[in-house]
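Below: one structure, written as structure tokens.
Number of protein chains: 2
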Amino acid sequence: MLRIITQQADVRAELQRICDRTHDEQVLHKEATVREVLQAVKRQGDKAVLHYTAEFDKQTLKAEELRVTGSELDAAYQQVSKELLGAVRLACRQIEAFHRQRVPKSWVHFGDDEVVLGKRYTPVDRAGLYVPGGRAAYPSTVLMNAIPAHVAAVPHIVMVTPPGPGGAINPAVLVAAQEAGVQEIYRIGGAQAIAALAYGTETIPKVDVITGPGNIYVTLAKKLVYGTVGIDSLAGPSEVLVIADETANPVHVAADLLAQAEHDPMAAAILLTTDAALAKNVQLALERQLVDHPRRIDTEKAIAHYGLIVLVESLEAAAELSNEFAPEHLELEIKDPWALLPQIRHAGAIFLGYSTPEAVGDYLAGPNHTLPTSGAARYASALGVETFLKHSSIIQYSQTALQNVAGAIDVLATAEGLPSHADSVRRRTQQEE
Amino acid sequence: MLRIITQQADVRAELQRICDRTHDEQVLHKEATVREVLQAVKRQGDKAVLHYTAEFDKQTLKAEELRVTGSELDAAYQQVSKELLGAVRLACRQIEAFHRQRVPKSWVHFGDDEVVLGKRYTPVDRAGLYVPGGRAAYPSTVLMNAIPAHVAAVPHIVMVTPPGPGGAINPAVLVAAQEAGVQEIYRIGGAQAIAALAYGTETIPKVDVITGPGNIYVTLAKKLVYGTVGIDSLAGPSEVLVIADETANPVHVAADLLAQAEHDPMAAAILLTTDAALAKNVQLALERQLVDHPRRIDTEKAIAHYGLIVLVESLEAAAELSNEFAPEHLELEIKDPWALLPQIRHAGAIFLGYSTPEAVGDYLAGPNHTLPTSGAARYASALGVETFLKHSSIIQYSQTALQNVAGAIDVLATAEGLPSHADSVRRRTQQEE
Chain X
39 MLRIITQQAD VRAELQRICD RTHDEQVLHK EATVREVLQA VKRQGDKAVL HYTAEFDKQT
99 LKAEELRVTG SELDAAYQQV SKELLGAVRL ACRQIEAFHR QRVPKSWVHF GDDEVVLGKR
159 YTPVDRAGLY VPGGRAAYPS TVLMNAIPAH VAAVPHIVMV TPPGPGGAIN PAVLVAAQEA
219 GVQEIYRIGG AQAIAALAYG TETIPKVDVI TGPGNIYVTL AKKLVYGTVG IDSLAGPSEV
279 LVIADETANP VHVAADLLAQ AEHDPMAAAI LLTTDAALAK NVQLALERQL VDHPRRIDTE
339 KAIAHYGLIV LVESLEAAAE LSNEFAPEHL ELEIKDPWAL LPQIRHAGAI FLGYSTPEAV
399 GDYLAGPNHT LPTSGAARYA SALGVETFLK HSSIIQYSQT ALQNVAGAID VLATAEGLPS
459 HADSVRRRTQ QEE
Chain B
39 MLRIITQQAD VRAELQRICD RTHDEQVLHK EATVREVLQA VKRQGDKAVL HYTAEFDKQT
99 LKAEELRVTG SELDAAYQQV SKELLGAVRL ACRQIEAFHR QRVPKSWVHF GDDEVVLGKR
159 YTPVDRAGLY VPGGRAAYPS TVLMNAIPAH VAAVPHIVMV TPPGPGGAIN PAVLVAAQEA
219 GVQEIYRIGG AQAIAALAYG TETIPKVDVI TGPGNIYVTL AKKLVYGTVG IDSLAGPSEV
279 LVIADETANP VHVAADLLAQ AEHDPMAAAI LLTTDAALAK NVQLALERQL VDHPRRIDTE
339 KAIAHYGLIV LVESLEAAAE LSNEFAPEHL ELEIKDPWAL LPQIRHAGAI FLGYSTPEAV
399 GDYLAGPNHT LPTSGAARYA SALGVETFLK HSSIIQYSQT ALQNVAGAID VLATAEGLPS
459 HADSVRRRTQ QEE
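These protein sequences, in sequence, are chains X and B.
Just so we're aligned, residue 39 is where the first sequence starts under the numbering used here, counting upward by one.
Just so we're aligned, residue 39 is where the second sequence starts under the numbering used here, counting upward by one.
Here it is as structure tokens:
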């Protein structure tokens with residue numbers, strides 16, 4: 039049963055508890071395992087990757103079997119339905135169109151005294167995408183990671199995903215990878231896959247940036263290799279916060295909450311509403327929709343532990359609580375969502391109105407579904423083209439321009455006790471004695 | 039003596055050794071100390087901060103003495119020279135002008151069927167800036183961190199810096215903070231300062247993003263708290279790579295190499311040149327400039343361990359080696375730097391021509407001097423306004439638009455085994471039975 043509490047209760051503590059649900063004390067123990075895997079792969083390459091694939095994924099492979107072949111890709115196209123291929127292609131087009139908007143462009147500014155300043159954007163040489171296996175092997179994950187890399191014009195896009203029985207990979211995942219421009223696919227997963235991408239092995243190329251979600255081992259490995267390579271974020275379990283008023287449809291709100299809860303027993307689904315009747319009706323609708331839910335047990339767990347309805351006094355109060363929680367997904371199922379939008383400061387993605395369930399953004403609206411979780415929306419954003427781009431500052435001074443600032447640089451460098459800094463300017467601007 | 043090697047020698051291995059100079063095996067040991075500090079501050083707040091300030095910084099302070107007062111700021115203005123204040127203000131203006139260019143703006147796109155998609159940019163609520171103490175207490179560090187936060191319109195900008203004898207802070211640092219819009223300054227440093235900013239204490243506010251350079255303890259602390267808060271990067275020791283041809287002035291090139299080496303015994307200074315005579319002349323000029331260098335011992339260490347001149351066959355070969363090294367700072371002291379620029383893929387900042395020593399960018403050209411080190415320019419960029427901004431995706435679908443994609447979402451959600459995802463769309467688009 040989805041709990042209903044009022045704003046008078048200790049709402050902030052409850053929301054904090056839900057936000058902090060991933061900070062588990064076992065992390066340190068798991069980190070030791072992950073460190074061992076990283077070190078082994080760094081030192082022994084393929085040998086270690088194959089060892090851990092046998093140990094953790096229960097698949098005995100040879101190094102030459104790690105890479106997915108062209109004929110496997112062809113076979114995957116035979117295995118997926120025409121409808122699924124069509125849906126993947128529609129999603130591809132819409133995600134690409136969105137990501138092509140406002141891609142950062144190189145620029146220079148010509149100032150006084152022939153000073154030229156600017157930024158030059160370039161893609162990383164190699165991107166590595168992690169796609170989870172098993173129940174969470176989602177073609178949409180592939181699209182949301184590969185398409186931004188493709189739009190950023192990354193020359194080499196590599197994907198890794200854990201092997202299933204017999205080394206098999208979900209055909210929908212393979213088709214999505216092909217459609218989204220992935221060039222190489224390796225059947226490896228877990229911390230050993232992150233290590234292989236970060237350090238390189240005989241078979242798997244070292245990349246510059248690693249993106250994509252994974253379990254706690256993958257996330258810990260990404261955190262540990264950060265600095266050796268770039269990463270997108272440290273993804274936690276998914277979450278939705280819905281703000282609804284008396285005009286919302288309780289059956290739809292309940293479905294949206296369940297669409298989050300069904301991901302994972304750690305998923306969070308929160309409703310903030312001004313209307314007590316809606317609260318009650320969502321609670322009832324959710325119970326009914328759970329009855330024959332194919333993932334009932336896990337979904338109920340999520341609802342029981344990290345589900346919550348809060349009765350709030352006003353939409354403004356709801357916006358403020360939402361800002362404190364900084365949800366990954368925020369739905370505004372209210373009469374005038376655009377009026378509330380200016381009060382929303384922290385949210386990964388915002389879904390406005392009655393006809394915008396989160397699922398539309400999960401699959402094909404266009405914006406990325408890889409979003410900051412567990413309060414990270416306070417400081418982080420969706421994965422995007424920028425994840426695969428970086429820029430170099432461009433600076434060109436003329437002799438005149440340097441002369442004009444030489445005195446100021448001398449004063450600053452001297453104050454900082456850096457004589458050669460001052461000297462490098464002085465020697466260029468003062469007559470040699 | 040700065041070594042000269044030819045491209046035939048194992049140049050790549052040498053450059054790799056220099057690039058990897060921070061990956062020291064003692065890190066794990068230090069990490070244990072840092073973890074302990076983080077845990078203590080998280081649990082005990084001010085008490086732990088004061089304890090570690092006494093232990094590591096040798097300053098016994100009370101909680102109410104941590105914050106720098108208005109009268110201390112006033113006193114700092116009396117202590118700095120008129121020239122230094124003028125130079126700080128000139129730097130402020132130029133840094134601010136550069137950072138105000140191309141600040142990301144919120145946007146929406148109105149598509150078919152009343153679909154609205156976009157991105158809304160908002161600043162973080164609170165930024166925390168770390169400024170090192172002691173010999174590396176640089177006013178320029180303050181400006182380069184605080185001004186982007188100020189341009190991003192961050193409402194609360196907090197600075198921390200370790201206390202010197204009697205709790206004193208370098209007056210130039212205090213003046214720079216005031217000029218750059220910092221609102222609160224606390225005299226704490228090290229891992230305990232990072233912990234205080236990440237978790238908050240009775241006295242020090244919890245922030246959303248922490249930026250700024252520091253020693254290995256600070257860097258490890260930033261890596262460990264990443265995920266609880268955002269961070270700018272994991273800064274290592276500084277480095278410069280100069281590409282010079284026969285037209286470069288060897289005295290200037292030598293001064294530029296020393297300007298890097300004087301920072302730190304771990305700093306790296308590399309020259310790639312097509313001209314053997316220049317190589318020899320830079321080597322000699324550098325020896326001469328070192329003779330009465332006030333930081334001679336440390337600077338010589340850097341030059342001996344991480345200094346290198348490589349004779350290359352062509353500028354193209356130099357560009358390729360530079361890309362592999364991905365330097366923090368790259369100087370192009372060649373006849374036509376703009377002709378070589380398209381071949382440069384990875385560099386934090388690029389200084390073009392004979393009159394653009396790195397020092398001009400370190401202090402006041404405008405672009406940020408907080409740049410990716412140790413090869414991180416392969417995937418990362420300068421600190422900037424973006425470091426303090428994040429965006430929310432905006433998605434609004436109409437009933438018609440949802441109807442048009444309902445089939446595709448159904449296929450995708452079903453393929454991914456997420457029935458409530460499909461259900462949340464189906465219930466909105468199908469006639470209720």
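Glycine included, every Cβ here is placed at the ideal spot set by N, Cα and C.
What is the DSSP secondary structure of methionine 197 of chain X, counted as helix, strand or coil? The sequence position of residue 197 of chain X within the first sequence is 159, counting from 1. In this structure, DSSP gives methionine 197 of chain X an extended state, which the three-state scheme calls strand.
| message | Going by beta-carbon coordinates alone, are valine 196 of chain X and glutamate 217 of chain X separated by less than 8 Å? | response | Your numbering for residue 196 of chain X matches position 158 in the first sequence. Your numbering for residue 217 of chain X matches position 179 in the first sequence. If you check the CB distance, valine 196 of chain X and glutamate 217 of chain X do not come in under 8 Å.
Segments of 4+ residues assigned as alpha helix (DSSP H) that fall wholly inside the region 308-336 of chain B = Fully enclosed alpha helix (DSSP H) runs of 4 or longer: 314-328.
Exercise. In chain X, which residues lie less than 8 Å from leucine 402 of chain B when you measure between Cβ atoms?
Worked result: The residue labelled residue 402 of chain B in the question sits at position 364 within the second sequence. Scanning chain X for C-beta atoms nearer than 8 Å to the C-beta of leucine 402 of chain B yields Val443, Ala446, Ile447 and Leu450, reported in chain order.
Pick from B:Ala299, B:Val189, B:His188 and B:Leu167: whose alpha carbon is nearest that of threonine 179 of chain B?
-> Here residue 179 of chain B refers to the residue found at position 141 of the second sequence. Checking every option, the nearest Cα to that of threonine 179 of chain B belongs to B:Leu167.
Quick check: what's the CA-CA separation for alanine 114 of chain B versus histidine 188 of chain B? On the second sequence, residue 114 of chain B is found 76 positions in, with the first residue counted as 1. On the second sequence, residue 188 of chain B is found 150 positions in, with the first residue counted as 1. The straight-line gap from Cα to Cα measures roughly 21 Å.
At a CB distance below 7 Å, what residues from the region 417-435 of chain X approach chain B? Give them in sequence order. Residues of the region 417-435 of chain X that bring their beta carbon within less than 7 Å of a beta carbon in chain B comprise Tyr417, Ala418, Ser419, Ala420, Lys428, His429, Ser430, Ser431, Ile432, Ile433, Gln434 and Tyr435, in sequence order.
_Give me the residue from X:Val449, X:Gly265, X:Ile207 and X:His429 with the minimum Cα distance to serine 419 of chain B._
The residue given as residue 419 of chain B occupies position 381 in the second sequence. Of the residues X:Val449, X:Gly265, X:Ile207 and X:His429, the one whose Cα lies closest to the Cα of serine 419 of chain B is X:His429.
Original post:
Are the beta-carbon atoms of threonine 44 of chain B and leucine 310 of chain B separated by less than 8 Å?
Top reply: Residue mapping note: residue 44 of chain B aligns to position 6 of the second sequence, counting from 1. Residue mapping note: residue 310 of chain B aligns to position 272 of the second sequence, counting from 1. Between threonine 44 of chain B and leucine 310 of chain B, the gap from beta carbon to beta carbon reaches 8 Å or more.
Inset, instruction - Could you run through the region 150-180 of chain X and flag, in chain order, every residue whose CB is less than 8 Å away from some CB of chain B? - result: Considering only beta carbons, the part of the region 150-180 of chain X lying closer than 8 Å to chain B consists of Val153, Val154, Leu155, Lys157, Arg158, Thr160, Val162, Asp163, Arg173, Tyr176, Pro177 and Ser178, in chain order.
ask   = For serine 427 of chain B, is the classification buried or exposed, using 16 other Cβ atoms within 10 angstroms of its Cβ as the cut-off for buried?
value = The residue given as residue 427 of chain B occupies position 389 in the second sequence. Residue 427 of chain B is actually leucine in this sequence, not serine. Flag for leucine 427 of chain B reads buried.
In chain order, each alpha helix (DSSP H) run of at least 4 residues that lies wholly inside the region 327-401 of chain X:
The qualifying runs are 334-344, 353-363, 375-378 and 396-401.
**Study point:** tyrosine 534 of chain X in three-state terms, based on DSSP
**Key:** Here chain X covers residues 39 to 471 and nothing more, so residue 534 of chain X does not appear.
What do you get for isoleucine 335 of chain X, buried or exposed, if any count of 16 or more other CB atoms within 10 angstroms of its CB means buried?
-> For the purposes of this step, residue 335 of chain X is identified with residue 297 of the first sequence, where counting begins at 1. Around the Cβ of isoleucine 335 of chain X, a 10 Å sphere holds fewer than 16 other Cβ atoms; the residue is exposed.
query: Distance, Cα to Cα, glutamate 471 of chain X vs leucine 440 of chain X?
result: By 1-based counting over the first sequence, the position of residue 471 of chain X is 433. By 1-based counting over the first sequence, the position of residue 440 of chain X is 402. Residue placement at glutamate 471 of chain X cannot be trusted, given a pLDDT of 43 that sits under 50; what the coordinates show is reported in the next sentence. So the alpha carbons of these two residues sit roughly 19 Å apart.
Just checking, does the region 279-296 of chain X make contact with the region 82-97 of chain X on the three C-beta pairs under 8 Å criterion? No: the two stretches stay apart, fewer than three of their Cβ pairs being nearer than 8 Å.
Worksheet item: What residues from the region 194-226 of chain B come within 8 Å of chain X, judged by C-beta to C-beta, listed N to C?
Response: Going along the region 194-226 of chain B in chain order, one finds Ala210 with a Cβ nearer than 8 Å to chain X.
Check: Could you check where the beta strand (DSSP E) with proline 186 of chain B kicks off and where it finishes?
Finding: As a working note, residue 186 of chain B is residue 148 in the second sequence. Proline 186 of chain B -> not in any beta strand (DSSP E); alpha helix (DSSP H) instead, spanning 177-189.
Checklist entry - With a cut-off of 8 Å, do at least 3 Cβ pairs link the region 220-238 of chain X to the region 226-243 of chain B? => result By the C-beta criterion, the region 220-238 of chain X is judged not to be in contact with the region 226-243 of chain B, since fewer than 3 inter-stretch pairs fall below 8 Å.
Worksheet item: How is leucine 53 of chain X classed by DSSP in three states: helix, strand or coil?
Response: Translated into the one-based positions of the first sequence, residue 53 of chain X becomes position 15. Of the three classes helix, strand and coil, the one that applies to leucine 53 of chain X here is helix, per DSSP.
**Message:** Taking the alpha carbon of aspartate 521 of chain B as the reference point, which residue from X:Ala175, X:Val126 and X:Leu379 has its own alpha carbon closest?
**Reply:** Only positions 39 to 471 of chain B appear in the structure, and residue 521 of chain B is not among them; the question remains open.
| request: Would you mind working out which of X:Ile232, X:Ala191, X:Leu88 and X:Glu103 sits nearest leucine 76 of chain X, comparing C-alpha positions? | output: Reading the first sequence from its first residue, position 38 is the one you call residue 76 of chain X. It is X:Ile232 whose Cα lies nearest to the Cα of leucine 76 of chain X.
Item checked: Closer than 7 Å at the beta carbon, the chain B residues around arginine 465 of chain X -> The residue given as residue 465 of chain X occupies position 427 in the first sequence. The CB of arginine 465 of chain X comes closer than 7 Å to the CB of Val289, His290 and Ala293 in chain B, given here in chain order.
Interfacial residues, the region 259-275 of chain X to chain B, with Cβ spacing under 8 Å: Along the region 259-275 of chain X, going in chain order, the ones with a CB nearer than 8 Å to a CB of chain B are Lys261, Tyr264, Gly265, Val267, Gly268 and Leu272.
**Message:** Using CA atoms only, rank isn't needed, just tell me which of B:Glu300, B:His137 and B:Tyr159 is closest to alanine 184 of chain B.
**Reply:** Taking the first residue of the second sequence as 1, we reach residue 184 of chain B at position 146. Measuring from the Cα of alanine 184 of chain B, the nearest candidate turns out to be B:His137.
- Query: Any beta-carbon of chain X closer than 8 Å to the one on isoleucine 388 of chain B?
  - Reply: Walking along the second sequence from the start, residue 388 of chain B turns up at place 350. When Cβ-Cβ separations below 8 Å define contact, isoleucine 388 of chain B makes contact with chain X.
Over what stretch of residues does the alpha helix (DSSP H) that includes glutamate 290 of chain X continue unbroken?
Here residue 290 of chain X refers to the residue found at position 252 when the first sequence is read from its first residue. It is histidine, not glutamate, that sits at residue 290 of chain X in the sequence shown. Note, histidine 290 of chain X: alpha helix (DSSP H), 288-299.
Please return the same chain residues whose Cβ sits closer than 6 Å to the Cβ of threonine 257 of chain B, not counting the five positions on each side in sequence.
Position 219 of the second sequence, counted from the start, is the residue given in the question as residue 257 of chain B. Setting aside the 5 residues that flank it on each side, threonine 257 of chain B is surrounded in the same chain by Leu272, each with a C-beta closer than 6 Å to its C-beta; the list follows chain order.
**Report entry** Pairwise C-alpha distance: leucine 212 of chain B and glycine 219 of chain B
**Finding:** Against the second sequence, residue 219 of chain B aligns to sequence position 181. Against the second sequence, residue 212 of chain B aligns to sequence position 174. Taking the straight line joining both Cα atoms gives about 11 Å.
Please work out which residues of its chain come closer than 6 Å, Cβ to Cβ, to glutamate 362 of chain X, disregarding the five sequence neighbours upstream and downstream, and give them in chain order. Translated into the one-based positions of the first sequence, residue 362 of chain X becomes position 324. Leaving aside the five residues that flank glutamate 362 of chain X on each side, none in its chain has a CB nearer than 6 Å to its CB.
**Asked** Does the count of Cβ pairs from the region 363-374 of chain B and the region 325-342 of chain B closer than 8 Å reach three?
**Response** Fewer than three beta-carbon pairs drawn from the region 363-374 of chain B and the region 325-342 of chain B are found closer than 8 Å, and the two stretches are therefore not classed as touching.
Could you work out which residues of chain X lie near aspartate 302 of chain B, taking near to mean beta carbons separated by less than 8 Å?
The sequence position of residue 302 of chain B within the second sequence is 264, counting from 1. Correct list: empty, because the minimum Cβ distance to chain X is about 11 Å.
- From the DSSP output, read off the bridge partner residues of histidine 147 of chain X. What you label residue 147 of chain X is simply residue 109 of the first sequence in a count that begins at 1. In the DSSP output, where bridge partners are listed per residue, histidine 147 of chain X has X:Leu155.
- Query: If you draw a straight line from the C-alpha of aspartate 151 of chain B to the C-alpha of arginine 131 of chain X, how long is it?
  - Reply: If you number the second sequence from 1, residue 151 of chain B lands on position 113. If you number the first sequence from 1, residue 131 of chain X lands on position 93. About 17 Å.
(request) Report yes if the CB atom of tyrosine 344 of chain X is closer than 8 Å to the CB atom of alanine 306 of chain X, and no otherwise. (result) Mapped onto the first sequence, residue 344 of chain X falls at position 306. Mapped onto the first sequence, residue 306 of chain X falls at position 268. It is a contact, given that the beta carbons lie within the stated cut-off.
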